[in-house]
Amino acid sequence: MELKRLTERVFYTMHSKEADMPVLGYINGQKYSLMVDSGNSRRHVELFNDSITNKGLRKPDFIAITHWHWDHTFGMNAVEGITIAHKKTNDKLAEIAKWKWTDSEMKKRLEAKVEIEFADTCIRKEYPLLSEIRVTTSDISYNRNMEIDLGDIIVELHHIISPHSEDCICILIPQERVLFIGDAVGVDYYNNCYLDKDKLRSLITAIKKFDFDICVMGHAEPVSKPDILNIMNSLLDR
Ligand SMILES: [Zn+2]
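Using the working numbering, you'd call the opening residue of the sequence shown number 94 and step up by one each time.
This is the structure in structure tokens:
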């Protein structure tokens, strides 16, 4: 897994379609460093940690989660830093932490439509031993917004309205003009891939207001601000 440099202080590792690994971010502050999302497993966290230590960077002190979906959160138990998630993300994770990870329990959740086929397939790919799955809530939770001072650089966490999930947050690094948006620009896979256009309009308004040059999505290459606005507008016209 290769760590790519986006700006002076901001890095990311690419997503991988096999077993659905999302993009992970890294913000290198003078005093602390912050990781964006915890990845889908211990393996993903280890690949990420190897890529940052290879570049001579330290392991993250903080890990900020963009939303509850398994591929962004199941690595939370394997990171060494302090994990931070929105209250709504934590509520959902607290629910999932009670789930049992056996073949039959997973099949039951699919039948009950609590879980979706895509996640089930990818989870089985990433975890040949289902018993290794550990789901935890974060160390710190917040409502609305949060600001973290990494020493010489500020990271802002903003809860936003998104058609993808109720708990989506954006991570803005004003100094570097970078915005991490996780999967916020996307349909709701847990509601028959429904696209709530009112929520998408709210998201477009919110993203327009953020001052940034580069937008990092959860499962794609980074894009410019005009490009992400175009992507959202074409989704709106669909
Ligand atoms: Zn997602």
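Built from N, CA and C at the ideal position, the CB exists for glycine as well.
Check: residue i C-beta below 6 Å from any heavy atom of ligand 3
i, result
"residue 276", "Within the structure as shown, ligand 3 is missing, the only ligands being ligand 1."
Collapsed DSSP secondary structure at residue i in the structure displayed
i, result
"residue 299", "helix"
"residue 167", "coil"
"residue 202", "helix"
"residue 141", "helix"
"residue 269", "helix"
"residue 215", "helix"
"residue 146", "helix"
"residue 329", "helix"
"residue 249", "strand"
"residue 240", "strand"
"residue 96", "strand"
"residue 222", "coil"
Ligand 1 heavy atom lying under 6 Å from the CB of residue i
i, result
"residue 162", "yes"
Beta-carbon contacts of residue i that lie in its chain and below 8 Å, excluding the five residues immediately before and after
i, result
"residue 238", "249, 250, 251 and 252"
"residue 95", "106, 107 and 144"
"residue 240", "247, 248, 249 and 250"
"residue 206", "none"
"residue 146", "152"
"residue 316", "307, 308, 310 and 324"
"residue 190", "228, 229 and 230"
Exposed unless 16 or more other CB atoms sit within 10 angstroms - verdict on residue i
i, result
"residue 215", "buried"
"residue 222", "exposed"
"residue 256", "buried"
"residue 263", "buried"
"residue 208", "buried"
"residue 342", "For residue 342 there is no data in the structure shown, the boundaries of the chain being 94 and 331."
Contacting residues, own chain, Cβ-Cβ under 6 Å from residue i (five flanking each side not counted)
i, result
"residue 219", "112, 133 and 134"
"residue 161", "182, 185, 186 and 260"
"residue 269", "100, 102 and 103"
"residue 156", "128, 131, 172, 174 and 176"
"residue 286", "280"
Contacting residues, own chain, Cβ-Cβ under 7 Å from residue i (five flanking each side not counted)
i, result
"residue 271", "99, 100, 103, 305, 307 and 309"
"residue 245", "122 and 123"
"residue 167", "133, 134, 226 and 228"
"residue 203", "210 and 213"
"residue 137", "114 and 168"
Margin query: In chain order, what are the residue ranges of uninterrupted beta strand (DSSP E) at least 3 long that sit wholly in the region 166-195?
Written below: When DSSP assignments are scanned along the region 166-195, the uninterrupted stretches of beta strand (DSSP E) that are 3 or more residues long and fall wholly within it turn out to be 175-179.
As an exercise, report each continuous alpha helix (DSSP H) stretch of at least 4 residues that is fully enclosed by the region 277-327, in chain order. Every unbroken stretch of the alpha helix (DSSP H) spanning 4 or more residues and falling wholly within the region 277-327 is given here in chain order: 290-302.
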